[in-house]
Amino acid sequence: MPSSLDARIAALMCRFSQLTPLAQRRFTELLNAYLYASPAQRRRLRLRWQAQQFNECDDDVKNSN
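In terms of our numbering, the sequence shown opens at residue 683 and continues consecutively.
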């Protein structure tokens, strides 16, 4: 595995460890659903997550003004 990928995984695991137990459970539920999803379902999940991430960033910008 390339070291840059190792660093990204380590960062992800660090952030995961900072979640509350309830949030960790929710994360693992979503990850499990993604892992067992069909390719089409995975695509829809990725698009939904990207849109949600974009909307949250947009809200942050609006709230900072």
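Ideal placement from N, C-alpha and C gives every residue a C-beta, glycine not left out. Every value quoted in this text rests on a predicted model; they were computed, and no experiment measured them.
List the endpoints of the continuous alpha helix (DSSP H) containing residue i.
i    : result
Q706 : P703 to L717
S720 : Neither: S720 is in no alpha helix (DSSP H) and is coded neither H nor E.
Just to confirm my understanding: we take residue i, look at its own chain, exclude 5 residues before and 5 after, and list those with CB closer than 6 angstroms. What are they?
i    : result
R690 : none
Report the option in the options whose CA atom is closest to the CA atom of residue i.
i    : options             : result
W731 : S686, P721 and L712 : L712
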